[in-house]
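S.K.:
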Amino acid sequence: MMPRPLRIILPVAAGLGLTFRMERADNVVVAIDAVAAGAMTSEGIAARERVMKGHKMAARPIGTGEPIRKFGQIIGFASKDIAAGDWVHEHNTGLHDFARDYAFCRDARPVDPVPAEKRATFQGIRRANGKVGTRNYIGIMTSVNCSATVAGYIAQELNSSGILKQYKNIDGVVALKQDNGCVIDYRGAIFDILKRTTWGYATNPNMGGVLMVGLGCEGFQIPKFKEAYGIVEGNTFRTMTIQEQGGTRKTVAAGLAAVAEMLPYVNDVKRESCSASELVVALQCGGSDGYSGITANPALGAAVDLLVSHGGTAILSETPEIYGAEHLLTRRAASREVGEKLVEVIRWWEDYTKRNLMEMNNNPSPGNKLGGLTTILEKSLGAAAKGGTTPLAHVYRYAEPVTGKGFVFMDTPGYDPVSATGQVAGGANLLCFTTGRGSAYGCKPVPSIKLATNSDVYRRMIDDMDINCGDVLEGVSIAEKGREIFARMLKVASGETTKSEELGYGDNEFVPWQVGAVM
Numbered sequence: 001m002m003p004r005p006l007r008i009i010l011p012v013a014a015g016l017g018l019t020f021r022m023e024r025a026d027n028v029v030v031a032i033d034a035v036a037a038g039a040m041t042s043e044g045i046a047a048r049e050r051v052m053k054g055h056k057m058a059a060r061p062i063g064t065g066e067p068i069r070k071f072g073q074i075i076g077f078a079s080k081d082i083a084a085g086d087w088v089h090e091h092n093t094g095l096h097d098f099a100r101d102y103a104f105c106r107d108a109r110p111v112d113p114v115p116a117e118k119r120a121t122f123q124g125i126r127r128a129n130g131k132v133g134t135r136n137y138i139g140i141m142t143s144v145n146c147s148a149t150v151a152g153y154i155a156q157e158l159n160s161s162g163i164l165k166q167y168k169n170i171d172g173v174v175a176l177k178q179d180n181g182c183v184i185d186y187r188g189a190i191f192d193i194l195k196r197t198t199w200g201y202a203t204n205p206n207m208g209g210v211l212m213v214g215l216g217c218e219g220f221q222i223p224k225f226k227e228a229y230g231i232v233e234g235n236t237f238r239t240m241t242i243q244e245q246g247g248t249r250k251t252v253a254a255g256l257a258a259v260a261e262m263l264p265y266v267n268d269v270k271r272e273s274c275s276a277s278e279l280v281v282a283l284q285c286g287g288s289d290g291y292s293g294i295t296a297n298p299a300l301g302a303a304v305d306l307l308v309s310h311g312g313t314a315i316l317s318e319t320p321e322i323y324g325a326e327h328l329l330t331r332r333a334a335s336r337e338v339g340e341k342l343v344e345v346i347r348w349w350e351d352y353t354k355r356n357l358m359e360m361n362n363n364p365s366p367g368n369k370l371g372g373l374t375t376i377l378e379k380s381l382g383a384a385a386k387g388g389t390t391p392l393a394h395v396y397r398y399a400e401p402v403t404g405k406g407f408v409f410m411d412t413p414g415y416d417p418v419s420a421t422g423q424v425a426g427g428a429n430l431l432c433f434t435t436g437r438g439s440a441y442g443c444k445p446v447p448s449i450k451l452a453t454n455s456d457v458y459r460r461m462i463d464d465m466d467i468n469c470g471d472v473l474e475g476v477s478i479a480e481k482g483r484e485i486f487a488r489m490l491k492v493a494s495g496e497t498t499k500s501e502e503l504g505y506g507d508n509e510f511v512p513w514q515v516g517a518v519m
C-alpha cells in the first residue's frame, strides 16, 4: 500500500531533538532535529551517536541482512549488525534485489468526482483548439544547436527592446535552445524524441506563437518536421534557416521582423473563467532530503487528489525515482494493461542502465544523502507520494501528448530539466516542484511553483520558495497543506507570478532527452 500521510508516533521526550516513526512496522525513526548522542527517546532508546536532522536512527537491533523499513516499506538491508540507537545510513545499509508483489489494480479505488457545476475555476487562456493556457509566450525554437545563438539573439533583442510593453497580454519571448539536431539517425530514438518534444512545445497551450530557426543542412530538417505534423505557416507560426536568409545578422533581422508581425495576433487573447479540469500539472522533486517523503511530497499528493477530483490531470515522472516503489503504483493501476505498461518501463530502465555500466541505485545524489536519503528505494517511496492516492489512469512515453485525465505517469529520466521538458512537451500548463536541499529552477513557458520540504530551506531561500511545507512537522495536517497547494495552483494558473518567474528562470531549462546514439 502507499505510504500514508504523516502520523507522528512516539516523539522524543526532552528538547534534545525530536524523532518520529512513520509506521509502527518501521524499525527506524526519523530525526526532525539533530539528536545528540545519549538523548533518550520516549521509547527508551538512547542515541548511540549524533543523528543529523532528516536522518534515520535504529529503533531496535537490526541484524546483518535484515530489511530496513521506513514508510512501512523496505528501503534497504543492513550490511552489518545495527544496534538500537545507531545512525542508519550508507555505512551500514546496502541494497539488493528482492521480490515485489505488483498486485495489479488491487488498491485502485474510484475517484469521487466533484460535480462539473461545483468544480474550482481559474482565469485561463482558451486557445482556438480548445486547450487552455496559464501563460502566453512566444517561443524561438531551434532545429539544431547551430541556430541556438541566433535564437538567443532574437529573444534577447525582443525582451530588452521594450516593444513588449505595447502588448500587455504577452508574458515574454523565450529562446528554446537545444544542443543536438544533427549527426543523428532520423530513424532512431533521438530523432523521434526530439521531434515529439519540439512539436509538444510548439503546441503547448502556454505558447501563443512560435518562430523556428534552423541552420539549413542539419539532420533535423524543418520541412520534414512540418510535413510530419501537417504544419502550415501562418500568423503565429513561422520558420526560417540561417543559410537561406544569408547568415547570422540577416537571420536575426528577419526573425525580429517575423515576430513583430506576430505580436498583435499573440496579444489578442483574454483570460476567462475555466474549470480546474483544464489544468495539466507536472509533478517534480529535486534536491530531495529526508523530509521530502514526509512533508512536501505527500502534501502535493493531497493536492493532486483534489485536482483529480475536480477533473484535472497530474503527471508523475522521473522513472528512476519511482524505482523500487513501482509496486505501489501498479496496485493503483486502473487496469492491468496500465500496470504492465509501467512494469515494462521499469524493465527497460534496468536494461538501459546495465548496458551503460550503471545501476539504478546510483540515483541518490551527494546532496540527497547529506539530507538523509540513503537508497533509491527510500527516495522512490517518498517521490511516489507526489502522486497522491487516486488510480493510475495512463502511462505515457517521454514527450508523448497527455490526452487522458486523472493521475498519469510519463517515462522520463530523474534529471529535473530533462524530465520537466518531457512533461511540458506532453501538454503540462503548470508545474509543482518540491525540494529539500533548495533547487533553483524555472520552466518557461510553464510557471513552476516551488515547495520547500522544511522550514530552514524555506527561510534561507525565501526568494526562490513559494510554499513552506516544513510546517507539517509543526502540526499542520497533510490535508490542510494539500488544500493550500491546490489553492496556489489556481492562483498561479490565473496569472499570479511564482518566485522563479520573478527571478527570470526558464530560459535554459529546455533539455530534450538524448537517449540514443550520437553519431
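So that you can map any letter, position 369 of the sequence shown is 369 in our numbering, and since no number is skipped, the others follow by simple counting.
Backbone N, C-alpha and C define an ideal beta-carbon position, used for all residues, glycine too.
As the structure is a computational prediction, the values presented were derived from the model and not from experiment.
#1: How would you call Arg-7, buried or exposed, if buried means at least 16 neighbouring beta carbons within 10 angstroms?
#2: Tell me the residue span of the beta strand (DSSP E) that contains Thr-121.
#3: Counting pairs of beta carbons, one from the segment 408 to 420 and one from the segment 453 to 466, are three or more of them closer than 8 Å?
#4: Whole angstroms are fine: how far does the CA of Val-446 sit from the CA of Arg-483?
#5: On the premise that His-89 lies in contact with Thr-374, defined as a C-beta separation below 8 Å, what is that separation, rounded to the nearest angstrom?
#6: Looking at the structure shown, is Gly-208 part of a helix, part of a strand, or coil, going by DSSP?
#7: For Glu-400, is the classification buried or exposed, using 16 other Cβ atoms within 10 angstroms of its Cβ as the cut-off for buried?
#8: Who are the Cβ neighbours of Arg-69 in its own chain at under 8 Å, not counting the five residues just before and after it?
#9: For the beta strand (DSSP E) that Gln-514 lies in, which residues bound it at each end?
#10: At the level of alpha carbons, what is the spacing between Phe-77 and Lys-56?
#11: What is the rounded straight-line gap between the Cα of Asp-305 and the Cα of Tyr-398?
#12: How far does the beta strand (DSSP E) with Leu-176 in it extend, from its first residue to its last?
#13: Among Gly-372, Ser-275 and Thr-142, which one has its Cα closest to the Cα of Arg-119?
#14: Got a sec? Which residues, its chain only, sit under 6 Å from Ser-500 by beta carbon, not counting five neighbours each side?
#15: On the three-pair Cβ rule with 8 Å, is the segment 123 to 130 touching the segment 153 to 160?
#16: For the structure I just gave you, are there three or more beta carbon pairs, one from the segment 200 to 219 and one from the segment 233 to 241, closer than 8 Å?
#17: From the DSSP output, read off the bridge partner residues of Ala-25.
#18: Exposed or buried, which one is Thr-142 when buried takes at least 16 other CB atoms within 10 Å?
#19: Could you check the C-alpha separation between Arg-531 and His-91 for me, to the nearest Å?
#20: Expressed to the nearest angstrom, what Euclidean distance is found between the alpha-carbon atoms of Gln-221 and Ile-184?
#21: What's the gap between the Cα of Gly-475 and the Cα of Gly-38?
#22: Note down the Cα distance separating Asp-171 from Asn-297, rounded to an integer number of angstroms.
#23: Under the three-state reduction of DSSP, which class applies to Ser-317: helix, strand or coil?
#24: Can you name, in chain order, every residue of its own chain whose Cβ lies under 6 Å from the Cβ of Ala-14, other than the five neighbours on each side?
M.R.: Taking the geometry as given:
#1: Annotation note: pLDDT 42 at Arg-7 (below 50); position unreliable, coordinate value reported separately. Arg-7 should be labelled exposed.
#2: 121 to 126
#3: no
#4: 21 Å
#5: 5 Å
#6: strand
#7: buried
#8: Glu-23, Ala-25, Asp-26, Asn-27, Val-28 and Ile-75
#9: Segment: none, Gln-514 is in no beta strand (DSSP E) and carries neither H nor E.
#10: 14 Å
#11: 23 Å
#12: 172 to 176
#13: Ser-275
#14: Gly-442 and Ser-448
#15: no
#16: yes
#17: None; Ala-25 has no bridge partner.
#18: buried
#19: The question about residue 531 has no answer, for the chain in this structure spans 1 to 519.
#20: 11 Å
#21: 26 Å
#22: 29 Å
#23: coil
#24: Its pLDDT being 37, under 50, Ala-14 is placed unreliably in this model, and the value from its coordinates should be taken loosely. Hits under 6 Å: none found.
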